Amino acid sequence: MPQIQLGLGVDSTETIINVIKMFALFLLMVQLVPLLVWVERRGSAFIQNRYGPNRVGPLGLLQLLADAVKFLFKEEFRPKKGVAFMYYFAPIMALLPGALSFASIPLSVPITLQGENWGPYNFVLQGYDLGIGIVFILGISSLGVYSLLMAGWGSSNKYSLMGALRASAQAISYELALSLSLVGILMVYGTFSFTEIVAQQQGPLTFNFMGQQQVWSFLPNWGIFYQPLGALLFFAATFAEANRLPFDLPEAEGELVAGFHTEYAGFKLLMFYIGEYGHMLVASCLLATFYFGGYNIPGVTPAEVTAFFASYVGEGNLSQILTAVTYHVSLLLRVLLFLWVFIHVRWTLPRFRYDQLMDLGWKTMLPWALFNACATAVILWLFQS
Amino acid sequence: MPMNSLIDVGLSHYLALSAALFAIGMLGVLMRRNVIVMMMSIELMLNAVNLTFIAFSRFRDNMDGQAMVFFVMTIAAAEAAVGLALAVTIFKRFREVNIRYFEHLKG
Amino acid sequence: MTLTAQDLLFYILGGLSLASALGVLLMTNPIYSALCLALTMVSLAGLYASMQAWFVAGVQLIVYAGAVMVLFVMVLMLFDLKSEIKAFSRGAVAGFMKLVAVGLMTGAFLAAIYNSADTLLGTSLAAHVDGTVSTKALAQLLFGKYVFAFEAMGVLLLIIAIGAVALSRIEGGTHADE
Amino acid sequence: MSSGALLPVLILAVMVLTFGALLIVGTGLLGPRKVIKSAAKEMPYECGLPGQETKDTKVSVRFYLTAILFILFDIEIIFMYPWAIQYMDSLKDGSGGYMLGVMGVFVGLFVIGLIWEVKSKALDWK
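Residue numbers (numbering that gives the first Met the number 0), protein chains in the order written: chain A, 0 to 384; chain B, 0 to 106; chain C, 0 to 177; chain D, 0 to 125.
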């Protein structure tokens, strides 16, 4: 049997570890849904000055487990005139964009582990490192529209078809502003790969102004200081991509019953939520990676952190693993902050009307994103010369 | 490197695949009656040509092939946009997307 | 005799694209054939990526699979096209003749490829090309040698944007009076 | 793990699809077996109104027009990506002004198209 060299690892153990790591990252995204739904219900309760779920388990934490189990045992229902294949494939397709995008984002510093019999093996907390991170994520997230259209068409219900068409028209209009706001990032960093972008954001804020180097050491070298307008546009566009309020008209109860997932119940509905929360997670991770320094801890280099742990735990794998964990926690804090902003906005802002929503996308966000790209180009040209 | 070595994939493997895709696209244009499916088959033929461009750009190691694929994509997307706008206008007028109705345009 | 990742990818994605291309041809329901074409586009993007053309694979995903096919599916869904009974054009003899013609043409292509297999091989292949570096080389080309074609593309897209809107506003037509 | 390998993407996609399929088949098996079939339940949900299956729903032109304009503007943005990637390098080796001019013309056409679309009320969703 020809020996197959997969692109995954030097020897078979490394390949197996990588495959398990990939599935673990996917499960990390899937189990995020109960956590975020709990945070959403408790958070909205906190905002509206009420308690939220607190019966099942401490602070209502097991409420989500109870819901998941209930969803598992629901009756299997399909509308009679529904198109069977598309009706069932739409929830599965909803999982795909979030999972593939989340796996390509670097979550921690690459470390090298060394054992007695297995050789030095560098481990990075990331599903796979594609050289072109940004273009891949844009491509995959543009495939998310298919699960909406299939759900709308599969449930052969007039209202869900209208909801699906509206949701996909909104998703594609805001994808323009999203990809245009990324042009600014490409100009500043000059690379597609996430690891290089995060590497360029280390150290104090350094930029050259009229030819000579300026160093502002009190500010970290994050992307937000180069692209403030780009960050705002990017974050607003990801709200619309994930169908989050104030852009969630297609799923709004008042408008089209529940939009494209009217005819879904049980775990299929939960899979649409996994897709939506996965999209929110990817958007927060991207925002942290592009504009807030990814997993960098300002003022500290990875070598210092490893040395610090080595002094306690001794040289070897454990100090490496602890460094990776600290850097991962630093990224996680930022991501949880942005996820809280997603949830906070949902319970404070009112919903847009559909024509306002489309006007905002085409007539304000797109021109501003274009202005941001041109302004970045001109400023870079002025500062450079 | 004759083609029969199935293991190390060379340029001719990719060319054979794009020839097959091109043939399927052409059959689609000839056999199907629905205008929109014919336009999809044309897109398929254009994609087969893109595959050939990329294969030559990869195995002859110059980037002109990839630049050409860029332009082919733009023109194919523009053609799809105008073609569909036409088909939709005709469909609204004749309530039917069958190629036979297009003769009415002889005028 | 090692089967490298690229060969494995070629056979998986090639088979997938051929199967979905046949799906485009044979499905009577146009929406299913549109979804099969979207699957073909995605597998072709995978093939481009397996040939280290990273940026073009991304563009194929964004432009073709994510925009053009969404337009096709949206138009088909808007006009509620059920699967037609007479999907294929009538006339057995005509159909047979078309099949023979296409078969002959493909046979000619394959024969040409097979005979010229050894002359086509180019220089030694870089096993792995970095995405950003190859895109910068593509940009040098796009704004160096092909800068006029690049501007022509901008003009073409402007014309199509205006044309598509004008097309969608036609009320009358040659038979408007009927 | 050589950066840029495509196989892991396929492996993850297959894993996700089988995970989703298992979930759907699993909930199907776990659910109550004797499914009470009733016409009312099978009808598409229309907030209680008896389903009127009108032949062709009012077809709004806006949707496919938005999709067409999306394709055209998306391609113009994709043309900006290679330019943006090498912009810093071209600034360093002095050809920044030429790059700015080339892209200025292209973005000018983009803006003209956008202004025309807005003025021609093609994008109004009334």
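C-beta atoms are modelled at their ideal positions from N, C-alpha and C, and glycine is treated no differently. Small disclaimer: the values here were computed from a predicted structure and weren't measured.
Which residues DSSP lists as bridging L112/A, in chain order: Y120/A
What runs of the alpha helix (DSSP H), each 4 residues or longer, lie entirely inside the segment 188-216 of chain A? Correct list: 193-199.
What does DSSP give as the partner residues of R31/B in its beta bridges? According to DSSP, R31/B bridges with F87/C.
Determine which residues share a DSSP beta bridge with P349/A and list them. In the DSSP output, where bridge partners are listed per residue, P349/A has none listed.
Using alpha carbons as the reference points, say which of Y87/A, Q383/A, F70/A, C373/A lies closest to L179/A. C373/A
So, helix, strand or coil for T53/D, using DSSP? Its pLDDT being 47, under 50, T53/D is placed unreliably in this model, and the coordinates cannot settle the point.
What does the Cβ neighbour count give for A151/C, buried or exposed, with the cut at 16 atoms within 10 Å? exposed
Count the other CB atoms, across all protein chains shown, that sit within 10 Å of the CB of W221/A; report buried if there are 16 or more and exposed otherwise. buried
Considering only the alpha carbon of each residue, which of L124/A, R41/A, N48/A, Y145/A lies closest to M85/A? Y145/A
Scan the segment 27-51 of chain C for residues whose Cβ lies nearer than 8 Å to a Cβ of chain B and list them as they occur along the chain. P29, S32, A33, L36, T39, M40, L43, L46, Y47, M50, Q51
Between the beta-carbon of L142/A and the beta-carbon of A138/C, is there less than 8 Å? For L142/A and A138/C, no; Cβs fall outside 8 Å.
Mark M209/A as exposed unless 16 or more other C-beta atoms lie within 10 angstroms of its C-beta, in which case mark it buried. exposed
Contacts of V72/C in chain B (Cβ-Cβ under 9 Å): In chain order: nothing, as chain B lies at least about 10 Å away.
Member of F147/C, Y145/C, A66/C, L7/C whose CA lies at the smallest distance from the CA of L137/A: A66/C
When you compare only the Cα positions, how much space is there between V128/C and H343/A? 43 Å
Within 10 angstroms of its Cβ, does W37/A collect 16 or more other Cβ (buried), or is it exposed? buried
So M25/B contacts chain C; which residues on that side make the cut at Cβ distance below 8 Å? V101, M104
Does DSSP classify L218/A as helix, strand or coil? strand
So P31/D and E195/A are in contact, right, with Cβ under 8 Å, and what is the actual spacing, rounded? That belief does not hold up - the Cβ atoms of P31/D and E195/A are roughly 54 Å apart, past 8 Å.
Closer than 6 Å by C-beta to V32/A: which residues in its own chain qualify, once you throw out the five before and the five after it? Chain order, please. Y272, I273, Y276
Measuring only the C-alpha atoms, how far is L12/C from V68/B? Rounded to whole angstroms, L12/C to V68/B spans 19 Å at the Cα level.
Other residues of its chain near K54/D: CB distance less than 8 Å, five sequence neighbours each side excluded: With a pLDDT of 45 at K54/D, under the threshold of 50, the modelled position of that residue is not reliable, and no figure is offered here.
Using a C-beta to C-beta distance shorter than 8 Å, which residues of chain D count as neighbours of K135/C? Simply P81, I84, Q85, D88.
Determine, using beta-carbon pairs with one atom in the segment 51-71 of chain B and one in the segment 42-52 of chain C, whether at least three such pairs fall under 8 Å. Verdict: yes, contact present.
Is G313/A close to the ligand ZN? I mean its beta-carbon at under 7 Å from any heavy atom of the ligand. The ligand ZN is not among the ligands present in this structure, which contains no ligands whatsoever.
Does any C-beta atom of chain D lie closer than 8 Å to the C-beta of S100/A? No, its Cβ sits nowhere closer than 8 Å to a Cβ of chain D.
How about F105/D: is its C-beta nearer than 8 Å to some C-beta of chain A? No, F105/D lies away from the interface with chain A (no Cβ there is under 8 Å from its Cβ).
Below-8 Å beta-carbon distance, Q139/C vs any chain D residue: yes
Find the nearest neighbour of S42/C within the set L140/C, S88/C, A20/C, M73/C, judged by alpha-carbon distance. Comparing alpha carbon positions, the residue from L140/C, S88/C, A20/C, M73/C closest to S42/C is A20/C.
For V108/A, I'd like the list of residues in its chain whose CB is within less than 7 Å of its CB, leaving aside the five on either flank, ordered along the chain. Counting only residues of its own chain and dropping the five nearest sequence neighbours on each side, V108/A has a CB closer than 7 Å to the CB of Y294, P301, T322, A323, Y326.
Using a C-beta cutoff of 8 Å, does V87/B count as contacting chain D? So, interface residue.
Answer yes or no: does any C-beta atom of chain D fall closer than 8 Å to that of E240/A? no
To the nearest angstrom, how far is it from the Cα of F78/C to the Cα of D6/C? 42 Å
DSSP on T300/A, reduced to helix/strand/coil? T300/A carries a coil assignment under DSSP once its states are collapsed to helix, strand and coil.
Flag this pair as yes or no: are the beta carbons of M98/D and Y80/D separated by less than 8 Å? 8 Å or more divides the Cβ of M98/D from the Cβ of Y80/D.
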